[in-house]
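Report on the following structure.
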Amino acid sequence: MAVIKLSESKVNFIKDVCKSFGNKPGEVINVLHKVQGEYGYLSAEVQEVIANELNIPISRVYGIVSFYSFFTMTPKGRYPISICLGTACYVRGAEKVLDEFKRLLNIQVGGTTDDGKFSLNCLRCVGACGLAPVLTIGDKVYGRMTPDKVKEVIAEYN
2 MAVIKLSESK VNFIKDVCKS FGNKPGEVIN VLHKVQGEYG YLSAEVQEVI
52 ANELNIPISR VYGIVSFYSF FTMTPKGRYP ISICLGTACY VRGAEKVLDE
102 FKRLLNIQVG GTTDDGKFSL NCLRCVGACG LAPVLTIGDK VYGRMTPDKV
152 KEVIAEYN
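Per the numbering used here: the sequence shown = residues 2 to 159.
Structure, rendered in structure tokens:
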């Protein structure tokens with residue numbers, strides 16, 4: 002397995018973020034939010050720098066990153082797609098919508114297209130059950146989705 006070396010500027014940014022929160026171990030979630038906001042994901046190397054700067058075990062950082070669904074350890078696409086699989090969406094066909102996205106983008110859940118344009122994930126509830134099935138792409142919500150509409154939605158981002 003190849004070892005990824007972070008650039009000096011990236012390491013310095015992470016150190017500056019930690020410092021802005023007083024290098025306090027109790028601020029680890031805030032640090033993780035800010036760093037992920039800048040880089041899009043939290044690689045093992047990034048987590049290691051954060052652990053060192055906050056003087057906490059890397060296992061604690063990893064435990065937080067892997068527990069909270071907001072955090073990701075893999076790069077997301079420029080347009081992250083999240084399909085709701087909550088009860089209302091599921092019974093109204095969200096799984097078929099998900100299958101069509103997987104087929105057209107040629108990726109699985111948790112994956113990112115080769116060009117880095119789209120990533121595909123599932124979530125449990127968007128809070129728009131009356132519009133089920135629902136998906137989001139970034140901050141935009143699409144309701145009453147059907148497999149037939151998937152190609153049209155993807156085309157909006159090409």
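For each residue, glycine too, the CB sits at the ideal point set by N, CA and C.
Through-space distance from residue j to residue i, alpha-carbon basis
i, j, result
"VAL36", "ILE65", "14 Å"
"CYS130", "PHE68", "25 Å"
"VAL95", "GLU157", "Note on identity: in this sequence residue 95 is Ala, with Val being the wrong assignment. Each residue's alpha carbon lies about 20 Å from the other."
"MET2", "VAL50", "Reliability fails at MET2, whose pLDDT of 45 lies under 50, so the model's placement of it is uncertain and no value is given."
"PHE22", "ASN31", "8 Å"
"VAL135", "TYR143", "6 Å"
"SER70", "LYS25", "23 Å"
Endpoints, alpha helix (DSSP H) assigned at residue i
i, result
"VAL29", "29-40"
"ILE59", "59-68"
"TYR91", "88-92"
"ILE108", "ILE108 -> no alpha helix (DSSP H), and no H or E assigned at all."
"LEU55", "45-55"
Exposure of residue i, with buried meaning 16 or more beta-carbon neighbours within 10 Å
i, result
"THR113", "buried"
"GLY87", "buried"
"GLY78", "buried"
"GLU39", "exposed"
"ARG93", "buried"
When the options are compared against residue i, the one with the closest alpha-carbon
i, options, result
"ALA45", "LEU7, ARG104, SER70", "LEU7"
"ASN13", "VAL47, HIS34, LEU99", "VAL47"
"PHE72", "GLY111, ASN107, LYS103", "GLY111"
"GLU101", "HIS34, SER83, ASP17, ASP149", "ASP149"
"PRO76", "TYR91, PHE119, LEU106, LEU99", "PHE119"
N- and C-terminal bounds of the beta strand (DSSP E) containing residue i
i, result
"LYS6", "From DSSP, LYS6 is part of no beta strand (DSSP E); its letter is neither H nor E."
"GLY141", "Reading off the sequence shown, one finds Lys at residue 141, where the question assumed Gly. Taken as a continuous stretch (DSSP letters only), the beta strand (DSSP E) holding LYS141 covers 141-143."
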